[in-house]
Every structure is written in C-alpha cells, then in structure tokens.
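As structure tokens, the structure follows; a few thoughts come after it.
Protein chains: 2
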Amino acid sequence: MAARAIYAPLVCTAALLLAFVVSPSAGLSLDTVREFLTREEDTIVFSLIERARYPLNRPAYDPIHLGDGAGPGRRLNASFAELFIRESEAVQSKAGRYQSLQEIPFFAYRVPFTLAPPYNFTRELYPAAAFVNVNDAIWSMYFNELLPLLAKNGDDGNYAVTVDSDLACLQVLSRRINYGRYVAEVKFRGDQQTYTSLIQAKDRDSLMKLLTSEAQEDVVKRRIEKKATVFGQSITSDGPIKTGVNNSSGTNFKVDPSVVYKLYDQWVIPLTKQVEVEYLLHRLD
Amino acid sequence: MAARAIYAPLVCTAALLLAFVVSPSAGLSLDTVREFLTREEDTIVFSLIERARYPLNRPAYDPIHLGDGAGPGRRLNASFAELFIRESEAVQSKAGRYQSLQEIPFFAYRVPFTLAPPYNFTRELYPAAAFVNVNDAIWSMYFNELLPLLAKNGDDGNYAVTVDSDLACLQVLSRRINYGRYVAEVKFRGDQQTYTSLIQAKDRDSLMKLLTSEAQEDVVKRRIEKKATVFGQSITSDGPIKTGVNNSSGTNFKVDPSVVYKLYDQWVIPLTKQVEVEYLLHRLD
Chain A
1 MAARAIYAPL
11 VCTAALLLAF
21 VVSPSAGLSL
31 DTVREFLTRE
41 EDTIVFSLIE
51 RARYPLNRPA
61 YDPIHLGDGA
71 GPGRRLNASF
81 AELFIRESEA
91 VQSKAGRYQS
101 LQEIPFFAYR
111 VPFTLAPPYN
121 FTRELYPAAA
131 FVNVNDAIWS
141 MYFNELLPLL
151 AKNGDDGNYA
161 VTVDSDLACL
171 QVLSRRINYG
181 RYVAEVKFRG
191 DQQTYTSLIQ
201 AKDRDSLMKL
211 LTSEAQEDVV
221 KRRIEKKATV
231 FGQSITSDGP
241 IKTGVNNSSG
251 TNFKVDPSVV
261 YKLYDQWVIP
271 LTKQVEVEYL
281 LHRLD
Chain B
1 MAARAIYAPL
11 VCTAALLLAF
21 VVSPSAGLSL
31 DTVREFLTRE
41 EDTIVFSLIE
51 RARYPLNRPA
61 YDPIHLGDGA
71 GPGRRLNASF
81 AELFIRESEA
91 VQSKAGRYQS
101 LQEIPFFAYR
111 VPFTLAPPYN
121 FTRELYPAAA
131 FVNVNDAIWS
141 MYFNELLPLL
151 AKNGDDGNYA
161 VTVDSDLACL
171 QVLSRRINYG
181 RYVAEVKFRG
191 DQQTYTSLIQ
201 AKDRDSLMKL
211 LTSEAQEDVV
221 KRRIEKKATV
231 FGQSITSDGP
241 IKTGVNNSSG
251 TNFKVDPSVV
261 YKLYDQWVIP
271 LTKQVEVEYL
281 LHRLD
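Protein chains in written order, with full-length UniProt numbering: chain A, 1 to 285; chain B, 1 to 285.
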C-alpha cells in the first residue's frame, strides 16, 4: 500500500484553539467517554459480522487484478480496495464527515467547501494534540492481520460490497482507537499535576503505566467477546436463544468470538494506549 | 425528493439472455433463497440499530439547509442526504457494485467502465424481468415513515455519518425487497404450468394469492422482532444476557422491536410480494 500522510489540519489550529478556550470541557467526562467506547463495541462487532458474510475476495486487494486498466489504478500501483476507499473518503470529506474531530480519514484531503449544512461542533480536544492518530497502523493491522482471520477463502465477485464493508470496519476501528485522544484528555484534566510532570519529563513508560488498568481491560475484552457470541448467533422465531457459550470452536457464530477477543487484546487496546500517550506528549505544546 | 427513473439496463439484455440460457438455474433453490433472506434480516437489524445511534439530524433532509450554496444543491433543489447518496452511489457504480443484479441503485448511472477486477456473474434472473424493482417506494417509505420511528429528535451535526447510515439501511432494504425477483423465479420454476396460465391471463390477484403464505410470513415477522431484541440489548461482561422479553415498551433496546416488526409487516413483506408479482408478469416477455 502507498504511504499515507497523517491528517494534520494545521490551517484550522487557530480557530480550534479559540473554540477550545471558550468551552474546554463541555460534556466530556469519564462516564461519557466510557459510554461512547462501550457503544462502539457493538458497532465494531456488527461491522466484523458483515465483512465475514463475504469471502476473502482476494482480487480486490492486489494491484495486479485491477479492472480494465483504463483508470488510474495501474499508474498509482494501487489495489481496487485502496482506490475505492480513497474515492469514498473523498465524497465523505466533501460531505463534512471530518468536520467532527472524532472522524479521521485514512487519506488526507483538502476540500474547498463542504456540502453539509453548517454546524458548530464542540471542540473537546487540545488543538495542538488533536491531530494524533494511528490510522497507518490500523490500516496495516486490518488488511494484514485481521482480515485473513475474518474472511473465508473464496471469490464471489462482489468486490464493491466487500470493500465497502472493509471501509465500515476501518472507520469504526479508527474512531474507536483514535478516541484515545478523548480518554487522555479526560484523564489529564482529572490529575493535571501528575500528568504535567510526566509529560515535561517525556516519560513515556510512566505515562503508559499510569494509563493502564489491567482489570478494566480484562472486563472490556470479555465483554466484546460476549457481544460477538450474542450478536453472531443464529436466531429462530420460537426456539431458545442459542447463546453459544458451550461452543469453544466458534464455528456456529458469524464471526469467531476468539478473533474478536484477540482484536481487542492485541490491537485495539494497545493502539488506543499508544494514541493516549502520543496525545499527552503534545498536551502542553 | 426528485423523481427517480427505474434502472433498466436495456443495452445489456442480449448478453444477459445468452448467459441465462446457458445456466438458468445454477445454485438457485427455495433453500438458498430462504437462507439469503434470513441472513439479510441480521443485516437489516444491524443497520437500523446503527442509524438509531444518531438523532434525526433534520437539516440533512431539507434542501433549505444545504451547505454554503456553492455546490449543485440549490440548483437541483435536493437535500444533503440526496446529494450524498447520489455521489456515494456514483462511486459504488464505478466500483462495479451494480454488476451484480442483486444490487440496484436508487439513482440510475451510466458509467463507461468499472474499476473492479472482472468477474463472470451467474445470471439467475430472467433477463426481461430482471429490471423490476420498487426502489422509489422504498426510498419514500424509509424517509417518510420509518426514519421518524427510528431516530430521536435532535441535531448533533454528524450529517455525513448519519446519512451514510441511512444509505446502509436503504441498500440492504433494497437488496432484501427486490430479492423478490429471485423468490419469484424459484417459485415459477417449481410450478411453471400454473404460473404460466396466470401470467398469460395477467391475473394479478391470483398470483398474489399463490405467492402468499400467512403462516410463513408470521414466522418471519416474529423472528425479525426477536432479532431486534437480541441484537439491540445491552451486554455486560459478566451478568446474564438481558433478553428483554419482559419489556414491552422497547425503551431498553437500541431500536424498538415493535418498529422492526412493523417494518416487515407493513412494508418489507408487502413490497417483496409486489416485486414478485411484477417480475412474474414479465416472466414470459
């Protein structure tokens, strides 16, 4: 895949800073942050189940297989998936999706105007740190690690629908993981003195330790695994709901619950904490 | 909303007819059709739950509120939602989504080429009847009837994400309802003599009667309602799964199960049968 620049809306920084100073804490608390993250889990499980409907559809991911060659694909050495996501994100950018700092595109855009009705978003992040994101790591993790665990081998030709469902997975994973910025902002506000000294000392390890709660992480991992068993089961109109708790192989579920556990254990939680640390290191800029 | 033309790929009819004659029944049976429709229910419930995350966001649906006026919106007298869906469908069309007859766009497109890797789709529908769809009725039902039941009043400014979730709902409802073409094809093949005489007599009422099984429809409606209770519940990591069966108000669920029941009872099932009848009336063309 081609290298992608980090999204850095530098031109907006002055305006954001002003908005931030005016209302730095509107609505943001440990409770609202936790509620948001918990609700995102459902969206993540739904999107993984939807992607798992389709086979791997490998031609969509290899530049060699790109269409009739009339388009820009061969010149860019890009896959169908990458071109589709670029074009879809461009439409969404024009539609104002990235006016909300909760949303970060995988490809950077400069659009001269947005079609969307105007809206005055609350700016809850510290402007100089708001750009922090790990979309490159998410992109690579999704296509190289997660997708082969999600999708069965096969090719049914439904490349657009398949890659559209990849985009849905990528978008919610990006929003969930990069929400670490909001988590860090809330934690910083809750103990400014401790965080300030660690940030000034650039003490990455102590920051990571302070942000880590293994007990809480364990609750989250068990909960997402349970969501995968409940949302991925087969439901009949009359029979008992099959919770699938006795099934350890995962074969009766639309997406293997152990894969969802692994997603959180190995990637979502560590990457979120990486975002938190990076955000904090820019929190006093 | 502006009127939209029915998608009629007339130029392709000859090629489709040839492909149909070569393999008229590959893989299509009452079992595969039922399996497809049952699986679509999960996708429908997921997409409704996702739309219900966002408030109504009324400015997205009213041409008066359209952006900065620099775009084509005011000239077309279209809403932000309509423009967003048009542009998204154009990208998906270029990406080959509508090469599969299972997918029908809400707006007609003529794209000179597709970016997608080539794939030789099986043509299971009778070409002269394959164009049948009720997308106009689905569009109107979704925005005028269903959406006000799904989304709470409010405006959080996330118009692009909201309308993107509308598009996901519209796409799966369109695919599910217009799959009536496949249902009708299977039923026609199962009893060609009876159907042929009714089709030749243009006996719409008897066709509708022959296609109706109230017992089967009742199973489907109860099953989709149950899926809404299971997929829309709140899951904790340890506590028992709250199935919500004792809750009749629907307030504890992410989308009210009775709304999902009503969706199937009043719109999905009747519109599907309308598609079946229209398809059959063109089955001997």
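C-beta: ideal position from N, C-alpha, C; glycine also.
Please read these numbers as outputs of a predicted model, since none were measured by experiment.
Q.
Let's test the definition: count the other Cβ atoms within 10 Å of the Cβ of Val111 of chain B and tell me whether it reaches 16, buried, or not, exposed.
A. Classification of Val111 of chain B: exposed, given that the 10 Å Cβ count is below 16.
Q) Residues in its own chain within less than 7 Å of Glu217 of chain A by CB, not counting five upstream and five downstream? A) Cβ neighbours of Glu217 of chain A beyond the five flanking positions: Ile269.
(Q) Report the start-end ranges of each alpha helix (DSSP H) in the UniProt domain "Chorismate mutase" (165-276) of chain A that is 4 residues or longer and not cut off at the edges. (A) Contiguous alpha helix (DSSP H) elements confined to the UniProt domain "Chorismate mutase" (165-276) of chain A occur at 180-190, 192-200, 204-211, 214-231, 257-262, taking only those with 4 or more residues.
Q. At a Cβ threshold of 8 Å, is Gly154 of chain B touching chain A?
A. For Gly154 of chain B, the answer is no, since every Cβ of chain A falls outside 8 Å of its Cβ.
Q. Which residues in the same chain have their Cβ closer than 6 Å to the Cβ of Phe231 of chain A, if we skip the five residues on either side of it in sequence?
A. Excluding its 5 nearest sequence neighbours in each direction, Phe231 of chain A has C-beta neighbours in its own chain below 6 Å: Val45, listed in chain order.
Q: Identify the contact partners of Lys227 of chain A in chain B, using a Cβ-Cβ distance below 9 Å as the criterion.
A: Within 9 Å Cβ-Cβ: Ile235.
Q: Decide if Pro118 of chain B is buried, meaning its Cβ has at least 16 other Cβ atoms within 10 Å, or exposed.
A: Of the residues assessed, Pro118 of chain B falls on the exposed side of the cut-off, its CB having fewer than 16 other CB atoms within 10 angstroms.
(Q) Quick check on DSSP: helix, strand or coil for Phe106 of chain A? (A) Three-state result, Phe106 of chain A: coil.
Q | Test: Thr43 of chain A CB closer than 8 Å to a CB of chain B | A | Interface annotation, Thr43 of chain A: in contact with chain B, CB-CB separation under 8 Å.
(Q) Suppose contacts are defined by Cβ-Cβ distances below 8 Å. Is Thr212 of chain B in contact with Lys273 of chain B by that definition? (A) Against a cut-off of 8 Å, the Cβ pair of Lys273 of chain B and Thr212 of chain B comes out as a contact.
Q.
Just checking: is the beta-carbon of Ser248 of chain A within a distance shorter than 8 Å of some beta-carbon in chain B?
A. Legend: pLDDT at Ser248 of chain A = 46, less than 50; position of this residue unreliable, no value from coordinates given.
Q. CB-CB under 7 Å to Phe121 of chain B, same chain, minus the five flanking residues each way: which ones, in chain order?
A. So the qualifying residues of the chain are Gln99, Ser100.
**Q.** Residue-chain proximity (Val260 of chain B, chain A), Cβ-Cβ < 8 Å
**A.** Judged by the 8 Å Cβ criterion, Val260 of chain B is not in contact with chain A.
Q: Compute the Euclidean distance between the alpha carbons of Ser258 of chain B and Ile224 of chain B, then round it to the nearest angstrom.
A: A direct Cα-Cα distance of roughly 10 Å separates Ser258 of chain B from Ile224 of chain B.
(Q) Could you check whether the Cβ of Asn158 of chain B sits closer than 8 Å to any Cβ belonging to chain A? (A) It does: the Cβ of Asn158 of chain B has a partner Cβ on chain A nearer than 8 Å.
**Q.** Where Ala137 of chain A falls: helix, strand or coil (DSSP)
**A.** Assigned with DSSP and collapsed to three states, Ala137 of chain A falls in helix.
**Q.** Where the alpha helix (DSSP H) through Gln92 of chain A begins and ends
**A.** DSSP places Gln92 of chain A inside the alpha helix (DSSP H), whose first and last residues are 80-94.
**Q.** DSSP three-state assignment for residue 291 of chain B, whether helix, strand or coil
**A.** There is no way to answer for residue 291 of chain B, as the model of chain B reaches only from 1 to 285.
Q) With respect to the alpha helix (DSSP H) encompassing Leu150 of chain A, which residues constitute its N-terminal and C-terminal limits? A) Segment 147-150, the alpha helix (DSSP H) holding Leu150 of chain A.
Q | Close-in-space but distant-in-sequence residues of the same chain around Met141 of chain A (CB under 7 Å, 5 per side omitted) | A | Its chain contains Trp267 as the residues whose beta carbon lies nearer than 7 Å to that of Met141 of chain A, once the 5 sequence neighbours on both sides are disregarded; these appear in chain order.
Q. Are three or more beta carbon pairs between the stretch 193-208 of chain A and the stretch 24-42 of chain A nearer than 8 Å?
A. Fewer than three Cβ pairs drawn from the stretch 193-208 of chain A and the stretch 24-42 of chain A lie within less than 8 Å of each other, which leaves the two stretches out of contact.
Q: Label Asp31 of chain B either buried or exposed according to how many other C-beta atoms from any shown protein chain fall within 10 Å of its C-beta, with 16 as the threshold for buried.
A: Under this definition Asp31 of chain B is an exposed residue.
Q.
For a test of the three-state rule: what should DSSP assign to Asn153 of chain B, helix, strand or coil?
A. Note: Asn153 of chain B maps to coil in three-state DSSP.
Q.
Does the CB of Ser174 of chain B have a neighbour CB from chain A at under 8 Å?
A. So no, Ser174 of chain B is outside the interface.
Q) Would DSSP call Phe143 of chain B helix, strand or coil? A) If DSSP states are grouped into helix, strand and coil, Phe143 of chain B belongs with the helices.
Q.
Which residues in chain B have a C-beta closer than 8 Å to the C-beta of Pro108 of chain A? List them in chain order.
A. Note that residue 108 of chain A is Ala in the sequence shown here, rather than Pro. Chain B residues near Ala108 of chain A: none, gap ~17 Å exceeds 8 Å.
Q: Classify Val33 of chain B as helix, strand or coil using the three-state DSSP reduction.
A: Helix at Val33 of chain B.
Q) So which residues of chain B does Leu101 of chain A contact, with C-beta pairs closer than 9 Å? A) Chain B residues near Leu101 of chain A: none, gap ~12 Å exceeds 9 Å.
Q: Please name the residues in the stretch 81-105 of chain A whose beta-carbon is closer than 9 Å to at least one beta-carbon of chain B, in chain order.
A: Result list: Leu83, Phe84, Glu87, Ser88, Ala90, Val91, Gln92, Ser93, Lys94, Ala95, Gly96, Arg97, Tyr98, Gln99, Ser100, Gln102, Glu103.
Q.
With the cut-off set at 8 Å, would you say Leu150 of chain A and Ala60 of chain A are in Cβ contact?
A. Taking the C-beta atoms as reference points, Ala60 of chain A is found no nearer than 8 Å to Leu150 of chain A.
Q: With 8 Å as the limit, tell me which residues of the stretch 53-64 of chain A have their beta carbon closer than that to any beta carbon of chain B; keep them in chain order.
A: Listed by position, the residues of the stretch 53-64 of chain A near chain B (Cβ gap below 8 Å) are Arg53, Pro59, Ala60.
Q. Chain C partners of Tyr142 of chain B, CB-CB under 9 Å?
A. Of the chains in the structure shown, none is chain C; the protein chains are A and B.
Q. On the three-state DSSP scale, how would you describe Leu285 of chain B?
A. Looking at the sequence itself, residue 285 of chain B is Asp, so the reference to Leu does not match. Three-state result, Asp285 of chain B: coil.
Q) If we count Cβ pairs, one from each stretch, closer than 8 Å, do we get three or more for the stretch 86-105 of chain B versus the stretch 81-94 of chain A? A) With a cut-off of 8 Å, the stretch 81-94 of chain A and the stretch 86-105 of chain B count as touching, because enough Cβ pairs lie within range.
(Q) Strictly under 8 Å for the Cβ-Cβ distance: is Asp166 of chain A near chain B by that measure? (A) Output row for Asp166 of chain A: interface = no.
(Q) What does the alpha-carbon distance come out to for the pair Arg222 of chain B and Asn252 of chain B? (A) Cα to Cα, Arg222 of chain B sits roughly 19 Å from Asn252 of chain B.
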